[in-house]
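S.K.: Here it is, the structure in full.
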Amino acid sequence: MPKVVDIHTHMYPPEYIRLLKSRSAIPLVRSFPGAPDPRLVLLSAEVPLLEKHEEDQQNQKDENLPLPGRPLTRHFSSLDQKLHFMDTHGIDISVVSLANPWLDFLPGSEAGDIAQSINNEFSEMCARHPGRLYFFAALPLTSPLPTIQSAITHASSLPHCRGIILGTSGLGAGLDDPSLLPILTLLASSNLPIFLHPHYGLPNSVYGPRAAQGEYGHVLPLALGFPVETTIALARMFLAGVFEQVPDLKIILAHSGGTLPFLAGRIESCILHDGYLVSSEGGRVNRTERRTLWDVLRTQIYLDAVVYSAVGLRAAVEAAGGADRLMFGTDHPFFPPVGGEAGDEDGEWESVGLNVEAVKGGLDGDDEKVAGVMGENAVRVLRLEGE
Ligand code: 5CU
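Have a look at this one:
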């Protein structure tokens with residue numbers, strides 16, 4: 001039987017949750033009177049509502065505002081719950097990663113030790129369930145370069161580590177920052193693919209004042225902010241020539257590449273028609289020798305299949321150059337069922353069903369391709385065989 005593999009599935013180990021509980025700025029965990037679970041507040045788009053709650057508490061006002069963040073249920077940190085979720089959805093193997101914002105907010109002096117301890121914790125979880133769990137390690141990106149390099153060496157020594165999870169901020173200046181090149185080069189030579197995942201979204205001003213009041217829930221930052229962030233991060237790497245400089249680098253893009261499958265053609269056209277880039281000063285665009293974004297997508301990029309529709313899935317397959325470069329994911333523990341009708345959190349999740357249907361529908365029921373996207377591609381690309 002072909003394996004079903006979930007490559008986009010997160011956890012916050014208990015140590016990380018303790019850290020969030022001690023914080024007063026995002027990311028944080030806070031309890032609110034009357035709410036059954038503490039709230040996990042991660043995104044800058046959630047800050048206006050958090051601040052409004054704080055003001056109301058000080059002024060002893062009760063405006064019936066929506067709560068900021070999302071409920072911190074046991075799904076976020078319990079390994080038993082992860083295994084239950086896998087069993088419920090027929091998932092044989094999960095490649096688990098720390099969820100956003102990883103270690104990006106930690107002081108550099110602490111991040112190295114915390115990265116080591118969290119990566120060890122993931123490694124021990126995987127060792128307890130041989131053949132079922134692997135992980136992408138987190139890096140202490142606020143620490144000095146030697147600490148980051150040691151963390152990569154440590155991660156590659158852990159037997160169940162299959163890559164690293166990375167946000168779009170890099171060392172603070174984005175992924176086109178030349179200072180990141182030694183890290184990308186070491187990842188490539190250590191055969192550790194990057195799972196590139198968004199967190200920072202877009203400035204709150206683009207969502208408008210009604211979103212700041214919580215009127216639209218999380219829809220704008222998650223549905224649009226996240227994918228656009230990923231698109232911009234990858235476009236910046238491409239424009240900076242990172243893929244030429246690190247030709248062995250492999251990146252798995254979250255959420256089927258954000259909007260790249262749809263926008264790659266436009267990015268290419270904008271490059272070809274950019275007066276500065278084709279001028280002698282810009283000097284980047286040599287029509288005959290230049291690698292195109294399409295070429296990079298088809299050689300150095302893989303996409304997850306967390307796209308929720310057959311239309312998006314087909315575009316992702318086209319952009320990636322074939323169904324053998326897509327890998328199924330769930331985004332667990334995010335997007336649980338909400339509201340009575342949609343089911344309970346211990347049962348089947350609608351969000352998972354949508355992605356399974358997208359794979360089947362987008363591939364017109366081609367069993368071999370479906371089996372590839374649902375798991376066999378991940379087994380091959382991430383070397384999940386052998387336990
Ligand atoms: O719901 C959310 O905020 C998120 C998140 O923060 N990270 C993620 O991977 N998916 C959804």
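Residues in the sequence shown are numbered consecutively from 1, following full-length UniProt numbering. Built from N, CA and C at the ideal position, the CB exists for glycine as well. Nothing here was measured: the structure is a model prediction, and the numbers come from that model.
1) Less than 7 Å between the CB of Phe262 and some heavy atom of the ligand 5CU, yes or no?
2) Taking the CB atoms as reference points, tell me whether Gly321 and Leu293 lie closer together than 8 Å.
3) Can you grab the Cα-Cα spacing for the pair Gly172 / Ser109, in whole Å?
4) If Asn355 and Tyr308 are in contact, beta carbons under 8 Å, what's the gap, nearest whole angstrom?
5) Of the choices Leu43, Leu42, Ser44, Glu63, whose alpha-carbon is the least far from that of Lys52?
6) To the nearest angstrom, report how far apart Phe105 and Thr142 are at their CA atoms.
7) Short check: CB of Val95 to CB of Val4, under 8 Å?
8) With C-beta atoms as the reference, is Gly214 less than 8 Å away from Pro27?
9) In the DSSP assignment, the alpha helix (DSSP H) including Val29 goes from what residue to what residue?
10) Which residue comes first and which comes last in the alpha helix (DSSP H) that contains Gly108?
11) What's the C-alpha gap between Ala319 and Pro146?
12) Between the Cα of Ser205 and those of Pro193, Leu220, Leu192, spot the shortest distance and give me the residue it belongs to.
13) Heavy atom of the ligand 5CU less than 7 Å from the Cβ of His332, yes or no?
14) What residue from Met237, Gly386, Gly375, Val381 has the CA that sits closest to Met1's CA?
15) Of all the options Gly329, Val379, Gly386, which has the alpha carbon lying nearest to the alpha carbon of Met86?
16) Are the beta-carbon atoms belonging to Gly154 and Gln116 less than 8 Å from one another?
17) Based on Cα-Cα distance, which residue from Gly386, Glu55, Pro33, Lys21 lies nearest to Val41?
18) Measure the Cβ-Cβ separation of His75 and Pro337 and say whether it is below 8 Å.
19) Just checking my contact of Ala233 with Gly174 at CB under 8 Å: how many whole Å lie between their CB atoms?
M.R.: Reading off the structure:
1) The residue given as residue 262 occupies position 262 in the sequence shown. Because no heavy atom of the ligand 5CU lies under 7 Å away, the Cβ of Phe262 does not count as near it: no.
2) The residue given as residue 321 occupies position 321 in the sequence shown. The residue given as residue 293 occupies position 293 in the sequence shown. Against a cut-off of 8 Å, the Cβ pair of Leu293 and Gly321 comes out as no contact.
3) The residue you call residue 172 lines up with position 172 of the sequence shown. The residue you call residue 109 lines up with position 109 of the sequence shown. Gly172 and Ser109 have their alpha carbons spaced roughly 16 Å apart.
4) As a first step, residue 355 must be located in the sequence shown, where it is residue number 355. As a first step, residue 308 must be located in the sequence shown, where it is residue number 308. Yes, Asn355 and Tyr308 are in contact; Cβ-Cβ is about 6 Å, under 8 Å.
5) Walking along the sequence shown from the start, residue 52 turns up at place 52. Nearest of Leu43, Leu42, Ser44, Glu63 to Lys52, Cα basis: Glu63.
6) Residue 105 sits at position 105 when you count from the first residue of the sequence shown. Residue 142 sits at position 142 when you count from the first residue of the sequence shown. Distance between the alpha carbons of Phe105 and Thr142 is about 8 Å.
7) The residue you call residue 95 lines up with position 95 of the sequence shown. The residue you call residue 4 lines up with position 4 of the sequence shown. Contact: no.
8) The sequence position of residue 214 within the sequence shown is 214, counting from 1. The sequence position of residue 27 within the sequence shown is 27, counting from 1. No. Outside cutoff.
9) Along the sequence shown, read from residue 1 onward, the residue named residue 29 stands at position 29. For Val29, no alpha helix (DSSP H) run applies; the uninterrupted beta strand (DSSP E) run containing it begins and ends at 28-30, by DSSP.
10) Counting from one through the sequence shown, the residue named residue 108 turns up at place 108. Note, Gly108: alpha helix (DSSP H), 108-128.
11) Position 319 of the sequence shown, counted from the first residue, corresponds to residue 319. Position 146 of the sequence shown, counted from the first residue, corresponds to residue 146. The straight-line gap from Cα to Cα measures roughly 36 Å.
12) Here residue 205 is taken as the residue at index 205 of the sequence shown, counted from 1. Nearest of Pro193, Leu220, Leu192 to Ser205, Cα basis: Leu220.
13) If you number the sequence shown from 1, residue 332 lands on position 332. Taken from the Cβ of His332, every heavy atom of the ligand 5CU lies 7 Å or farther away.
14) For the purposes of this step, residue 1 is taken as the residue at position 1 of the sequence shown. From the listed residues Met237, Gly386, Gly375, Val381, the smallest Cα separation to Met1 is found for Gly375.
15) Reading the sequence shown from its first residue, position 86 is the one you call residue 86. Nearest option by C-alpha distance: Gly329.
16) The residue you call residue 154 lines up with position 154 of the sequence shown. The residue you call residue 116 lines up with position 116 of the sequence shown. The residue asked about is misnamed: residue 154 is His in this sequence, not Gly. Cβ atoms of His154 and Gln116: closer than 8 Å.
17) Within the sequence shown, numbered from 1, the residue matching residue 41 stands at position 41. Minimum Cα distance to Val41 is reached at Lys21.
18) For this step, residue 75 is matched to residue 75 along the sequence shown. For this step, residue 337 is matched to residue 337 along the sequence shown. No, these two residues do not count as a Cβ contact at 8 Å.
19) Your numbering for residue 233 matches position 233 in the sequence shown. Your numbering for residue 174 matches position 174 in the sequence shown. Between Gly174 and Ala233 the Cβ distance is about 7 Å, and since that is below 8 Å, they are a contact.
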